[in-house]
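Residue numbers (full-length UniProt numbering): 1 to 568. Quick reminder that beta carbons are idealized off the backbone N, C-alpha and C, glycines included. On a predicted model such as this, the values are computed, not experimentally measured, just so you know. The next block holds one structure in the form of structure tokens; read it before the comments.
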């Protein structure tokens, strides 16, 4: 599909000032300024973050109350339940807090709600479990901030809650004994974008400080925290960057047995990056909850025996294989439905329903349809017991949650964020919902939002692409939101005559810029339809990342081409 190219604005004065102090390539200074790095000290923190750069956990509102309540539970020999969501952030958070506290206190268990029987967050079943098993303190991780009624009910039963959540609070918050959430309007904590696991880490850091426990005891879970940051797609700035940087160090040097088992099964042999955690480790963890029971993921992370960890990882690996088979099948069925629908070309949204589709992968299918086939707000629905349940995904700049909100009279329940949401409805309302959602989207979406956008950091010349330039570029890791992999534009590129199609799907590039400029190789995956532009003997423009290619023991720079078009 055709894409829009948007080049970011430049700030020449700030770039020049930074370049005078750093003495590195001006384009690298441009990339840093775009990432709000304006001074030598900010660059030092960006390239060489230390754990000393982290904020004092006691700055977080209610931290004193949370620690006091846990200490009281220890003193009274109360039963403590560590409760978390079934996604990667929730499972890593539960594993981190449970493993740390369990070394100090035996009367502790963990609870992960079942994705299909209980749904997201605090559940009535979970509170009943706490009541029936005499738990008087629940530490809720990555959830709870919106569960006012359920936590009120728990309080009446004599069950106290400590909430560690990073989702935006409503005006009314639950009656917990402590709420750790930097997004509370009156929380003075300086960094607001921690993951749920990151907030759990802050809790155990404060507890370690209070008890005089070496901070290494908390830091041994940094690989779990890095995994949560990667999977939950939180901004890769501030404390998240520090934690991800050191978490990756631990992943690559001394990972927990469960992380090591997943690395081994995934056959990852190179230095792991955030991208590996997002696309290789996280899907295997998520697959536990999507296909069955997410408790397996927590059991994997808290297992210290290498052989037992390998056995649990093998189950998650098999779950992920099943998940891929199912979501590929459903994606093809969805594409077939759309291709056989004459009205598809006139619509501004996609809403598809098939009762037999697997509930655990409908969000993935929605994302696939947007990325590869039909770039527009998309909802995939399936039967779930006596209701229809679905997941929505959106396109750049369009608030899909608000669009669903305008259909609320047709829904049993709904919730979510700007770009992703979920809903349930009665089967008899599916057709009306499809029509209403299409009307809402058609009346509010701009035409440019229906064209995928490539945001380009800067134009570059091939002569700038050197090993020295790339060696510093590599240090922009860890990459993520607000620090994405730099995207470059090069104009008036010509084929050397050696570019070719590979496996009839991909383009292997051999290109130069200018008659005397260097020749660079590159790869463009699934770009076969663009090969006539390359083969035309006319200049073209390319958008790409810079990467390394290792072949026969030799390492060279290559372009990972994202898009091409004929030069003007």
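Residues sharing a beta bridge with residue i, DSSP
i           : result
residue 551 : 554
residue 383 : 388
residue 423 : 390 and 414
residue 109 : 81
residue 352 : 380
residue 543 : 489 and 563
residue 521 : 510
residue 6   : 455
residue 140 : 83 and 163
residue 224 : The partner list for residue 224 (beta bridge, DSSP) is empty, contrary to what the question assumes.
residue 59  : Bridge partners of residue 59: none, in fact.
residue 500 : 508
beta-carbon residue i near the ligand PLP non-hydrogen atom, thresh 8 Å
i           : result
residue 454 : Only the bare structure without any ligand can be found here, which leaves the ligand PLP out of the picture.
Integer Cβ distance of residue i from residue j, believed to fall under 8 Å
i           : j           : result
residue 320 : residue 287 : 4 Å
residue 83  : residue 111 : 5 Å
residue 223 : residue 142 : Wrong, their Cβ atoms sit about 17 Å apart, outside the cutoff.
residue 463 : residue 517 : 6 Å
residue 61  : residue 186 : 6 Å
residue 134 : residue 79  : 5 Å
residue 425 : residue 242 : Actually they do not touch by this definition, with Cβ atoms about 43 Å apart.
residue 32  : residue 54  : Residue 32 to residue 54, Cβ: 22 Å. No contact.
residue 420 : residue 392 : 7 Å
residue 331 : residue 369 : 7 Å
Contacts around residue i, its chain only, beta-carbon distance under 7 Å, and the 5 residues preceding and following it disregarded
i           : result
residue 153 : 127
residue 175 : 151, 152 and 155
residue 374 : 338 and 350
residue 102 : 108
residue 355 : 382 and 383
residue 10  : 30
residue 364 : 327
residue 157 : 131
residue 49  : 241, 242 and 245
residue 315 : 296
residue 408 : 414
Candidates the options: closest to residue i by CA position
i           : options               : result
residue 219 : 230, 74 and 246       : 246
residue 500 : 208, 484, 521 and 250 : 521
residue 535 : 560, 566 and 554      : 566
residue 491 : 446, 538, 120 and 503 : 538
residue 307 : 149, 59 and 265       : 265
residue 273 : 250, 99, 524 and 191  : 250
residue 371 : 12, 359, 335 and 477  : 335
residue 96  : 314, 197 and 294      : 197
residue 569 : 367, 377 and 434      : No statement about residue 569 is possible, as the shown extent of the chain runs from 1 to 568 and does not include it.
residue 506 : 556, 472 and 560      : 560
residue 456 : 24, 15, 34 and 16     : 34
residue 199 : 212, 228, 216 and 213 : 228
residue 529 : 63, 207, 504 and 519  : 504
residue 294 : 385, 91, 77 and 489   : 91
residue 379 : 450, 347 and 390      : 390
residue 192 : 271, 166, 20 and 65   : 166
residue 440 : 482, 406 and 446      : 406
residue 474 : 144, 485 and 230      : 485
residue 482 : 263, 344 and 234      : 234
Own chain partners of residue i with C-beta closer than 8 Å, once the 5 adjacent residues on each side are dropped
i           : result
residue 69  : 137, 160, 162, 177 and 178
residue 210 : 67 and 71
residue 454 : 3, 4, 5, 6, 487, 543, 562 and 563
residue 305 : 257
residue 312 : 258, 261, 296, 299, 300 and 303
residue 27  : 458, 460, 464 and 469
residue 417 : 401
residue 292 : 319
residue 438 : 347, 348, 349 and 351
residue 99  : 221, 301 and 302
residue 545 : 485, 486, 487, 488, 559, 560 and 562
6 Å CB neighbourhood of residue i in its chain, flanking five on each side removed
i           : result
residue 429 : 410
residue 510 : 496, 498, 499 and 521
residue 105 : 74
residue 540 : 493, 533, 564, 566 and 567
residue 427 : 388
residue 125 : 118
residue 414 : 404 and 423
residue 394 : 377, 400 and 419
residue 358 : 326
residue 625 : The structure shown does not extend to residue 625, since the chain spans only 1 to 568, so no value can be given for it.
I'd like the ranges of any alpha helix (DSSP H) spanning at least 4 consecutive residues and lying wholly in the region 435-481. 467-473
Residue ranges of each alpha helix (DSSP H) run of no fewer than 4 residues wholly in the region 112-138, ordered along the chain? 124-132
Could you give the uninterrupted runs of the alpha helix (DSSP H) lying entirely in the region 304-328, keeping only those of 4 residues or more? none
For the region 148-212, list the alpha helix (DSSP H) runs that are entirely contained and at least 4 residues long, ordered along the chain. 148-156 and 196-211
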